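*Asks:* In this text, residue positions in the sequence shown follow this note's numbering: the first is 7, and each later residue adds one. Beta carbons: idealized from backbone N, C-alpha and C, even for Gly. Keep in mind it's a predicted model, so treat the numbers as computed, not measured. Structure in structure tokens, see below.
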Amino acid sequence: MNALVTLASEVEVPQNPLIPPIPELVIGLVAFFIVFGFLAKKLLPNINKVLDERRAAIEGGMEKAEAAQAEAQQVLEDYRAQLADARHEAARLRQEAQEQGAALIAEMRAEGQRQREEIIAAGHAQIEADRKQAAQALRQDVGKLATDLAGKLVGESLEDHARQSRTIDRFLDELETKAATDTAKAEAGR
């Protein structure tokens, strides 16, 4: 049996390759805890810090983006309000200009009408003055011609001016009355 024990001791029992020997397992576990402790104390806080900073930057960026979007929306609303105000102001100014233009046109028409009436009145006054002057000159000329003709027919000189003027005026008044009645009859006949 001795021989078996020696043989057995010489022949090693094959160990399971998945299970390491105990001293290696203990040394591996101690080394793992040392590395794990080092990572947990030094590296993990730095990683967490970087991740927290990144999360804060992302959240801050989102907040800034939302704030910028809200500000842009407010600016857009202000712009639209200003644009609407400008349109209302332009419409008001346009309406005001149209009203002023209409008032100016009415004023110019009234002024033109007044000037026309003045010109017509002045023309009528001038025509009336010219007519009176022509009638006076015609009376004098007709009177002189009638007196000369009457003097030649009678053979005497009719030099009495006062009598001459009365006779001529009476004759011309009769002619004017006759002409006026003829004109009135003609208009009534129409």
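Residue range of the alpha helix (DSSP H) that A37 falls in?
*Replies:* Taking the first residue of the sequence shown as position 1, residue 37 is located at position 31. Taken as a continuous stretch (DSSP letters only), the alpha helix (DSSP H) holding A37 covers 28-44.
*Asks:* Kindly indicate which three-state DSSP category P51 falls into: helix, strand or coil?
*Replies:* Locating residue 51 in the sequence shown gives position 45, counting from the first residue. Correct three-state label for P51: helix.
*Asks:* Under three-state DSSP, which class holds R176?
*Replies:* Residue mapping note: residue 176 aligns to position 170 of the sequence shown, counting from 1. Three-state result, R176: helix.
*Asks:* On the criterion of 16 or more Cβ atoms from any shown chain inside 10 Å, does T153 qualify as buried, or is it exposed?
*Replies:* By one-based count along the sequence shown, residue 153 stands at place 147. Flag for T153 reads buried.
*Asks:* Using C-beta distances below 8 Å, list every residue in its chain close to G34, excluding the 5 sequence neighbours before and after it, in chain order.
*Replies:* Within the sequence shown, numbered from 1, the residue matching residue 34 stands at position 28. Hits under 8 Å: P26.
*Asks:* Our contact map puts L181 next to R145 with C-beta atoms below 8 Å; I'd like the distance itself, whole angstroms only.
*Replies:* Here the question's residue 181 lines up with position 175 in the sequence shown. Here the question's residue 145 lines up with position 139 in the sequence shown. Not a contact, Cβ separation roughly 11 Å.
*Asks:* What separation, rounded to the nearest whole angstrom, lies between the Cα atoms of Q132 and Q139?
*Replies:* In the sequence shown, counting from the first residue as 1, residue 132 sits at position 126. In the sequence shown, counting from the first residue as 1, residue 139 sits at position 133. So the two alpha carbons sit approximately 10 Å from each other.
*Asks:* Go ahead and pull the three-state DSSP assignment for Q21.
*Replies:* The residue labelled residue 21 in the question sits at position 15 within the sequence shown. In this structure, Q21 counts as coil in the three-state DSSP scheme.
*Asks:* Anyone know if the C-beta pair for S171 and G195 falls short of 8 Å?
*Replies:* Translated into the one-based positions of the sequence shown, residue 171 becomes position 165. Translated into the one-based positions of the sequence shown, residue 195 becomes position 189. Result no, Cβ atoms of S171 and G195 do not sit closer than 8 Å.
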